[in-house]
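These notes are about the structure you will find just below.
In UniProt numbering, the protein residues as written are 1 to 193.
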């Protein structure tokens, strides 16, 4: 019997105080991962919680997070917000990933967060999230454009903020853009665009 991974309609799993809705599964490097997951918890006297995780460029990303205080329940408090966001991806989403082991001709499902399989899946997801950015000509042209637009005040720092990297990495991007001819050569301490 072969598992059907091409489900098109969402799958809903419910209990009394929570609901999990899964989109269709897609294959990513010998893993089957839900395209999206929505988590909802319903508090009796505490606020309801909702989160959505989506695969973006084959990487699970938390894209929506909300709390709602219903009439008769307490207000949203700091303790509601203190929960680590990475827990949703590292723990819950990792339990929904299916590993295809082609050597052993088997499918591995992860139900226990204390197993080696769970740790391996969490490592796989972390590698996907922290994957290196592909440095292409188009990307370096974008770096050069941001640098030029901010030449009068901290252009490298602006590149760092724009692309979500540290200053050292932004400096490397600017250097690569210069090496490829997208920015003119510069002298020590003098920015040129």
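By construction, the Cβ of each residue, glycine as well, lies at the ideal position given by its N, Cα and C atoms.
In the DSSP assignment, find the alpha helix (DSSP H) that holds residue i and state where it starts and stops.
i          : result
residue 97 : Element bounds for residue 97: n/a, residue is neither H nor E.
residue 12 : Not the alpha helix (DSSP H): residue 12 falls in the beta strand (DSSP E), residues 11-14.
For residue i, which of helix, strand or coil comes out of DSSP?
i           : result
residue 158 : helix
residue 144 : helix
residue 120 : helix
residue 29  : coil
residue 187 : strand
residue 174 : helix
residue 134 : coil
residue 180 : coil
residue 19  : strand
residue 64  : strand
residue 35  : coil
residue 40  : strand
So residue i is in the beta strand (DSSP E); what residue range does that whole segment cover?
i          : result
residue 78 : From DSSP, residue 78 is part of no beta strand (DSSP E) but of the alpha helix (DSSP H) over 78-81.
residue 49 : 48-56
Find the nearest neighbour of residue i within the set the options, judged by alpha-carbon distance.
i           : options           : result
residue 47  : 23, 79 and 37     : 79
residue 177 : 118, 15 and 148   : 148
residue 116 : 95, 136 and 135   : 95
residue 50  : 36, 44, 57 and 65 : 65
residue 91  : 155, 152 and 37   : 37
Quick check: is any heavy atom of the ligand FMN less than 7 Å from the C-beta of residue i?
i           : result
residue 186 : This structure does not include the ligand FMN; it has no bound ligands of any sort.
Please determine if the region 139-148 and the region 111-126 are in contact, where contact requires at least 3 C-beta pairs separated by less than 8 Å.
no
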